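Numbering-wise (the working numbering), the sequence shown opens with residue 147 and increments by one. Worksheet for the structure shown next.
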Amino acid sequence: MFSDLVTRSDLKVFLPPIGSITVYIFGDPAAVADEHHHLSCRVHDECNGSDVFGSDICTCRPYLIHGIEECIRSAQENGVGVIVYNRKEGRALGEVTKFLAYNARKRQEGGDSAENHFERTECIAGVQDVRFQNLMPDSLHWLGIRRIDRFVSMSNIKFDSLVKQGIEIVNRIALPDDRIPEDARVEMDAKIAAGYFSEDRPMSESNLSQPQGRLLEDYWSSAVPASCLKISLAPRR
Ligand SMILES: [Zn+2]
Numbered sequence: 147m148f149s150d151l152v153t154r155s156d157l158k159v160f161l162p163p164i165g166s167i168t169v170y171i172f173g174d175p176a177a178v179a180d181e182h183h184h185l186s187c188r189v190h191d192e193c194n195g196s197d198v199f200g201s202d203i204c205t206c207r208p209y210l211i212h213g214i215e216e217c218i219r220s221a222q223e224n225g226v227g228v229i230v231y232n233r234k235e236g237r238a239l240g241e242v243t244k245f246l247a248y249n250a251r252k253r254q255e256g257g258d259s260a261e262n263h264f265e266r267t268e269c270i271a272g273v274q275d276v277r278f279q280n281l282m283p284d285s286l287h288w289l290g291i292r293r294i295d296r297f298v299s300m301s302n303i304k305f306d307s308l309v310k311q312g313i314e315i316v317n318r319i320a321l322p323d324d325r326i327p328e329d330a331r332v333e334m335d336a337k338i339a340a341g342y343f344s345e346d347r348p349m350s351e352s353n354l355s356q357p358q359g360r361l362l363e364d365y366w367s368s369a370v371p372a373s374c375l376k377i378s379l380a381p382r383r
């Protein structure tokens, strides 16, 4: 069933040929399904722009880092940590669609705001989100996980999906406020208003018009250092 790579007896690693999912385990893999060990877990959906290139328009990278830190902390306390990295770029709409939605948000009259955050994506893609989270728990079931002590995610859809499929979640860990990039408050406030878990930042439809993202013209006046505009590459010798 599996290729030679995953059945080699000299490698103490299991690499099932399941595209689009990578599971990173911090601590003893045997402890993942052992309910005597404390488990931290983040189920992260890919965001190349933030995860890799450090864009500050969303919270993906800081939340992934926070999840990794929580996993390491659990492992150091004789527990275990699990990061499930799902290739669901741009709410599974893809990177190009995501950047088109970003452009629409930044170029709309009045600038980017939480009030119509999801509608801008729908204008471009026809839908707001095509991630299908009902199958998301499968990788955790496969690992034998029945309880997550610290679930590092604010997504109500992921939470509901896990709980409905029999995985107990003891604590939900929100992204600390000081880790939210200023420009990402638009997205965060829109998500909280739409039902995302939040410990202390209740949002309602009425105050969604207040969060304001960085204006398009500000990118050239502040976000891009003047020196960057003057860079010229010396010819190769
Ligand atoms: Zn992102």
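Every residue gets a Cβ at the ideal spot worked out from N, C-alpha and C, and that includes glycine. Nothing here was measured: the structure is a model prediction, and the numbers come from that model.
C-alpha of GLU216 to C-alpha of SER201: approximately 22 Å in a straight line. THR205 has no beta-bridge partner at all, per DSSP.
Contact annotation, VAL169 with VAL228: C-beta distance approximately 7 Å; criterion of less than 8 Å satisfied. By the Cβ neighbour-count rule, HIS182 is exposed, with fewer than 16 other Cβ atoms within 10 Å of its own. Shown here for CYS206: same chain residues with a beta carbon closer than 6 Å to its own, the five before and five after excluded, namely CYS193, SER196, ASP197 in chain order. Look at SER301: its beta carbon is at least 7 Å from all of the heavy atoms in ligand 1. The DSSP-derived three-state label of ARG382 is coil. In this structure, VAL230 is the residue among CYS204, VAL230, PHE305 with its C-alpha nearest to the C-alpha of ILE214. Taking the Cα positions, ILE270 is about 29 Å away from PRO283. Check the Cα spacing between ARG277 and each of ALA380, ALA179, SER155, VAL189: the tightest is with VAL189.
CYS217 has its CB no nearer than 7 Å to any heavy atom of ligand 1. In the pairwise beta carbon analysis, the region 232-239 is classified as touching the region 259-274: at least three pairs are separated by under 8 Å.
Between the alpha carbons of SER186 and ASP364 lies a gap of roughly 39 Å. Counting of Cβ neighbours within 10 angstroms places ALA380 among the exposed residues, the total staying below 16. In this structure, SER186 has its CB at a distance of at least 7 Å from all heavy atoms of ligand 1.
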